[in-house]
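Chains as they are written, first to last, in this note's numbering: chain A, 18 to 268; chain B, 23 to 319; chain C, 4 to 430.
We put the CB at the ideal spot given by N, CA and C, even for glycine.
Each remark here refers to the structure printed beneath this line.
Here it is as C-alpha cells:
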C-alpha cells in the first residue's frame with residue numbers, strides 16, 4: 018500500500034534519512050521502531066509532505082505521493098497523529114475532531130455566510146464527531162476546550178480527528194507517549210479494534226515494546242536514518258543488529 | 023550630467039540616514055523578530071533634546087548630541103524594561119500595539135511641549151562643499167553623514183564579534199531558548215539592543231535635521247520611518263550591513279525617481295518606498311542579505 | 004440536566020433582553036440626535052450628532068474586518084484603514100462618474116477591495132508577525148500619497164478631496180416618526196420634539212437606518228463564515244498550520260481568502276462611510292485611522308465579533324470626545340490642545356494590553372454576559388466551570404522571520420499540554 022523507495026533527506030550536513038526503503042502492505046499493523054533520532058518522525062513528515070526528500074520516491078497505492086501538496090495527503094486517504102500534538106487549543110474537542118472531516122465536507126465560505134444547506138451538513142458532522150468520541154471513550158469532553166485537557170486525553174482527541182477522516186492508512190506517532198501502563202493496554206486494544214473493524218492499515222511509531230510485539234504483524238527498525246532490520250516481531254527481536262542498536266544486551 | 027551627479031549625492035545623503043534608522047530597526051528585529059514602531063518618534067525626542075540643550079541652553083553641539091544619545095539609550099532601556107519585557111516575545115500583537123501607542127504618544131508629547139513651528143539645529147558638519155564636480159558639488163554634509171553611518175556599522179560589527187555582550191546578542195538572535203539555557207540573561211541583552219537602537223536613532227535624526235536645508239518639526243520622522251522600514255526590508259531585516267545597502271539603494275532610488283519620473287512629484291516620495299517594499303516582498307521576502315530561517319517541527 | 008437548561012435559558016433570556024433594548028435604542032437614538040444636542044461634562048460641551056452615530060456603526064464594520072483578519076485569521080495586518088479608504092474613494096468615483104445606483108457602487112467597490120485583499124494576501128503568505136504589521140502599516144501610511152498621484156488625482160480630487168453628488172432621500176414616514184415618538188413620557192418632549200423632520204434631517208436618519216441594516220447584514224454573513232466549516236479551518240490554520248494541512252486544509256488558499264474577506268468587509272465600510280459623510284480627503288484614511296481601528300479591535304476583544312461594535316463606537320467617539328474636552332479638573336487648559344487626542348489614544352494603546360488584554364469581550368466573559376471561548380455551541384456551561392477566567396490566548400504569531408515553503412514553520416500553541424517545545428524527543 019505504502020511504498021518507500023530509496024528515500025534520503027539531508028538537512029544541511031545532517032542526514033536524517035539515508036536510502037530508506039520499505040513497504041507497508043495493505044491491512045494489519047506495521048510498526049516503525051528505533052532509537053531516538055533514528056528518523057521515524059522524519060519519515061512520517063516525509064509521507065505527510067511536511068518535508069520533501071532529497072532523493073527517493075514514496076507511492077501510495079501506486080500514486081506518487083511526492084507530487085502532491087500537503088493538503089492533499091488526507092484526501093488520498095492518509096491520516097496521521099503527531100508526537101507532540103497538533104491540536105487547536107482555542108476550539109472545543111468536538112470542533113477539533115470535526116476538522117478531521119474537512120475533506121469530506123463541502124460548505125464553502127459563501128455557503129456558510131448565506132447558510133445555504135449548511136445546517137444539515139453541520140448536524141451530520143457533529144453527530145459523526147460525537148460518535149467517534151464515544152468510541153474512543155472521551156465523549157464527556159466533547160464540549161471542552163482543547164486547551165483545558167491533559168496530554169493523554171488529547172492524544173485520543175487526535176486519534177479521533179484522524180479517524181474522522183475515514184482514512185485508509187493511519188500513521189500514529191508515539192500514541193502511547195506519556196500514558197500509564199493500563200492506559201497503554203487500553204490504547205493497544207483500541208488500535209487493534211480500529212484496525213480490524215474499519216479495515217485500516219496502521220503504521221505505528223512506538224517505543225513501548227510490549228505494545229509493538231502484541232499488535233504488529235510487521236516491524237521495521239531504523240537507526241540513524243537507515244533501515245537495519247525488517248520482519249515479524251519475533252524475528253526482529255532476535256536480530257543482533259537491532260539488539261545492539263536499540264533493545265540492548267543484558268548486562 | 024551634473025544634475026544627475028547632484029541627485030546621486032542627494033540620494034547618498036538621505037540614504038545614509040535612512041540606513042542609520044534602519045539599523046536601529048534591524049538591531050531589535052535581529053534579537054526578537056519584533057519591530058519598534060516608535061523608533062522614529064523616539065529619535066525625534068532625542069533630536070528635540072539636542073535642540074533644547076544646544077540651542078536652548080547653549081551647550082556645545084557635540085556634547086549635547088552625546089548627552090542626548092546617552093539619555094535616549096537610557097530611555098530605550100527603560101521602555102523595554104517597563105513596557106516590552108513583560109510580554110511573551112512570541113506573541114507580537116500586544117507589542118505592536120504598545121509600540122504604536124508609543125509612536126502616537128511620543129509624537130503628541132513633542133507637539134504639546136514644542137508646538138508645531140519648525141526649529142533649527144546648527145549644522146553638525148562644516149557647511150559648504152568638499153569637492154566640486156562641474157556644477158554638482160559634494161557637500162561636507164553628505165560625506166559626513168555617510169562616514170557616520172559606515173562608522174556606526176563598523177562599530178556595531180566589532181561589538182558583535184569582539185565583545186562578550188556581542189556574543190550573547192548573536193546567541194539570542196539565533197535561538198532565544200538555547201541562549202537562555204546556557205545562562206545568558208536574554209532580557210538584559212535585548213535591553214541593551216533597545217538602548218543602542220535608541221542612541222543610534224537619535225544620532226540619525228539629529229544629523230537628518232541638522233542639514234542646513236531641513237528643519238526640526240514634529241512631522242519629520244514619520245516619513246523617515248517609512249523609508250527606514252523599506253530600507254531595512256530591502257536589505258534584509260536581520261542584516262546590519264543590509265540596512266546600509268538598503269538605505270543607500272532606497273535613497274538613490276527616491277532621488278532619481280523624483281528627479282526623472284514625472285508622475286511622482288517630490289511630496290509623494292513615500293510611494294517609492296511602498297513600491298520598493300512590495301517588490302522586495304514579491305521577489306525575495308528575506309531582502310538582499312537576510313538569512314532565510316528554517317525551523318524544526 | 005435541568006440545571007443546564009435553566010442556565011441556558013437564563014443566558015438566552017438575558018441576551019434576548021439586551022437585543023430588545025438595543026433595538027429600541029436603534030429606533031429612538033437617531034431621533035434624539037438629529038437635532039445635535041449638547042452633552043455637558045465638567046464644563047465642556049460635547050455635541051452629539053447623528054452622523055457620528057452612523058460613523059460608529061460603519062467603523063464597527065471596519066473593526067470587524069480586523070477582527071476577522073487578525074483575531075480569527077491570526078495575521079497581524081493593519082490593512083483595514085487602507086481598504087476602507089479604497090472602498091470609500093471607489094464608491095464615490097463610481098457613483099459620481101457612472102450611472103450605477105449607489106448600492107451597486109458600494110457592492111462593486113467592496114468586490115474590488117476583496118480582490119485587492121487577495122492581492123495583498125498572496126505576498127503576505129511569506130511573512131508574519133511584526134514584519135507583516137510593518138508592511139501593512141506602510142500601506143496604510145502611503146494611501147494619502149497614492150490618492151494624490153497626478154495620474155489618478157483627476158478622479159480622486161487629489162489634495163482637494165472628493166465629494167459625493169448623490170444624496171438619498173428619505174421615505175416620508177421617516178420624517179413623521181417624531182410626531183409619534185415625541186409623545187413618549189420623559190424623553191419625548193425634551194429630546195425628540197413633536198415636529199416632523201425637514202428633508203435634510205430625515206435624510207440623516209434614513210442614512211443611519213440604511214447603514215445599520217447593511218452593517219447588520221455583513222455581520223450576519225461573517226458570523227456564518229466564522230461559525231461554520233470555514234471558520235474552523237481558519238482557526239486551525241491560525242493555531243497549528245501543519246496540523247491543519249495534515250487534516251486536508253489548503254492553508255495558503257485559506258489565508259488568502261481571509262485576507263480577501265477582510266478586504267471585502269472593509270470595502271463595504273468604506274462605501275458606507277462615503278454615504279454618511281459624503282466627503283473624503285486624502286488624510287482621512289491614513290496611519291491614524293489604521294491605528295484607531297486597531298485600537299477598536301483590541302478594545303472589543305480581538306476575536307469577538309460583537310466586540311467590533313464597541314470598537315466602532317470607540318473609533319467614532321474618541322476623537323470627538325478628546326477633541327472637545329477643553330477643561331479637565333486639575334489639568335491646566337494649555338495642555339489640552341489638538342495633539343492631546345493622539346496622546347490619549349497612544350496612552351490607551353499602551354495601557355490596554357497591560358490591563359485588559361481580552362478587551363471588552365474578555366470582561367464580558369468574566370462577568371458572565373458572554374459565553375466562554377469556543378466558536379461553536381458548547382453544550383454544557385459547566386465545561387468552563389473549572390476555570391473562573393478562561394485565559395485569552397493572544398494571537399499566536401511565530402517569531403520565525405520568513406519560512407521557506409518546504410520547511411515546517413514553527414507554530415506556537417500557548418496551551419501547556421500542547422507546547423511543541425515541551426518534549427524534545429526526536430524519533
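Residue-chain proximity (residue i, chain A), Cβ-Cβ < 7 Å
i                      : result
residue 233 of chain C : yes
residue 269 of chain C : no
residue 227 of chain C : yes
Residue i, buried or exposed, once every other Cβ within 10 Å from all chains shown has been counted against 16
i                      : result
residue 246 of chain B : buried
residue 360 of chain C : buried
residue 179 of chain C : exposed
residue 42 of chain C  : exposed
residue 217 of chain B : buried
residue 70 of chain B  : buried
residue 168 of chain C : exposed
Whole-number beta carbon distance between residue j and residue i, since they are thought to touch under 8 Å
i                      : j                      : result
residue 98 of chain C  : residue 83 of chain C  : With a Cβ gap of about 22 Å, residue 98 of chain C and residue 83 of chain C do not count as contacting.
residue 220 of chain A : residue 47 of chain A  : 5 Å
residue 214 of chain C : residue 271 of chain C : The pair is not a contact, with the Cβ atoms about 10 Å apart (cut-off 8 Å).
residue 90 of chain A  : residue 65 of chain A  : 5 Å
residue 41 of chain B  : residue 268 of chain B : 7 Å
residue 249 of chain B : residue 295 of chain B : 5 Å
residue 106 of chain C : residue 288 of chain C : Contact flag wrong, Cβ pair sits at about 22 Å.
Any chain B beta carbon closer than 7 Å to residue i
i                      : result
residue 130 of chain C : yes
residue 137 of chain C : yes
residue 349 of chain C : yes
residue 262 of chain C : no
residue 18 of chain C  : no
residue 218 of chain C : no
residue 388 of chain C : Below a pLDDT of 50, predicted positions are generally treated as unreliable, and residue 388 of chain C, at 28, falls in that range; the measurement from the model is reported next regardless. No, because no Cβ of chain B sits closer than 7 Å to the Cβ of residue 388 of chain C.
residue 101 of chain C : no
Any chain C beta carbon closer than 7 Å to residue i
i                      : result
residue 120 of chain A : yes
residue 285 of chain B : yes
residue 91 of chain B  : no
residue 134 of chain B : yes
residue 88 of chain A  : yes
residue 53 of chain B  : no
residue 269 of chain B : no
residue 64 of chain B  : no
residue 243 of chain B : no
residue 228 of chain A : no
residue 223 of chain B : no
Per-residue DSSP class, three states only, for residue i
i                      : result
residue 54 of chain C  : helix
residue 214 of chain A : helix
residue 74 of chain A  : strand
residue 257 of chain A : helix
residue 32 of chain A  : strand
residue 19 of chain C  : helix
residue 20 of chain A  : strand
residue 82 of chain C  : coil
residue 308 of chain B : coil
residue 357 of chain C : helix
residue 223 of chain A : coil
residue 124 of chain A : coil
residue 160 of chain B : strand
residue 169 of chain A : helix
Bridge-paired residues (DSSP) for residue i
i                      : result
residue 47 of chain C  : C/44
residue 186 of chain C : In the DSSP output, where bridge partners are listed per residue, residue 186 of chain C has none listed.
residue 113 of chain A : The partner list for residue 113 of chain A (beta bridge, DSSP) is empty, contrary to what the question assumes.
residue 237 of chain B : Note: residue 237 of chain B sits in no beta bridge, so no partner.
residue 39 of chain A  : A/21
residue 240 of chain A : A/243
The ligand HEM heavy atom lying under 6 Å from the CB of residue i
i                      : result
residue 119 of chain C : Ligands displayed in this structure: none; no statement on the ligand HEM is therefore possible.
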